[in-house]
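Engineer: The structure under discussion is supplied below as structure tokens; questions concerning it will follow.
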Amino acid sequence: MKRLAILGASGHGKVVAETASQCGWQNIVFFDDAWPKLQSNSRWPVVGNTQKLITQLLDFDGVIVGIGNNHVRLAKTRHFQALYAPLIALVHPSAVVSDTVLLGAGSVVFAGAVIQIDSQLGDACIVNTRASVDHDCLLSDGVHICPGVALAGGVTVGEASWVGIGASVKQLVNIGSNVTVGAGAAVIRDIPGDQIVIGVPARTIY
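Rendered as structure tokens:
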């Protein structure tokens, strides 16, 4: 029976575990730095902290970081890459992902999401529930595309950026690194890095 370790027993980690279960992983356990106070995440046990997982990497067939914070998830994923951990990507069976799509290590695609032809996801990305990523999009490492987001074709999203729930991004728009796009925003022009944008059309507030 294949064993999967998930670092981060959060709500996001819980959805990662459910997705893994739907993908056929039967032996799933969590590691979290709140252990031993934290003993479970829904129906899955929490069995140790980060350091304990590092000492047990060879005991698992797969490892993935289930932390919602983009910067933390990406940093942890890169640390595990340096340790040659058996990092995996997960695609929920109900997602529709073109066989031309490239998925980086530690990335997850949740239920109902659609990713179209020739798009690319870097490492530690999240394409969340019912999000749509059209053709030729490029998501850099650590990006989170939240539930219900619609990216039109040819959109680029920079490292560790967050596109909030229900937002829409016009075709061929470039979003820089460390950008936060607010919930329901409509992005119709390029967004430089390190900004927060909200509204319809999206405007910078920070």
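Here the sequence shown stands for residues 229 to 434, where the numbers follow the numbering used here. Using N, Cα and C, we set each Cβ at its ideal position, and we do this for glycine too. Quick caveat: nothing in here was measured; it's all calculated off a predicted structure.
Would you kindly report the start and end of the unbroken alpha helix (DSSP H) that includes asparagine 298?
Structural biologist: 298-310
Engineer: According to DSSP, is histidine 320 part of a helix, a strand, or is it coil?
Structural biologist: Histidine 320: coil per DSSP, three-state reduction.
Engineer: Can you round the beta-carbon distance between isoleucine 403 and valine 377 to whole angstroms, since I take them to be within the 8 Å contact cut?
Structural biologist: Rounded, the Cβ-Cβ distance is 11 Å, inconsistent with contact.
Engineer: Excluding the five sequence neighbours on either side, which residues of its own chain have a C-beta within less than 6 Å of the C-beta of threonine 305, listed in chain order?
Structural biologist: Val293, Gly334, Asp351 and Ala352
Engineer: Quick one: measure Cβ to Cβ for phenylalanine 338 and valine 325, integer angstroms, because I've assumed they're closer than 8 Å.
Structural biologist: That pair is no contact at about 11 Å.
Engineer: To the nearest angstrom, how far is it from the Cα of arginine 431 to the Cα of valine 425?
Structural biologist: 5 Å
Engineer: Are the beta-carbon atoms of alanine 388 and glycine 370 separated by less than 8 Å?
Structural biologist: yes
Engineer: For the beta strand (DSSP E) that leucine 232 lies in, which residues bound it at each end?
Structural biologist: 231-235
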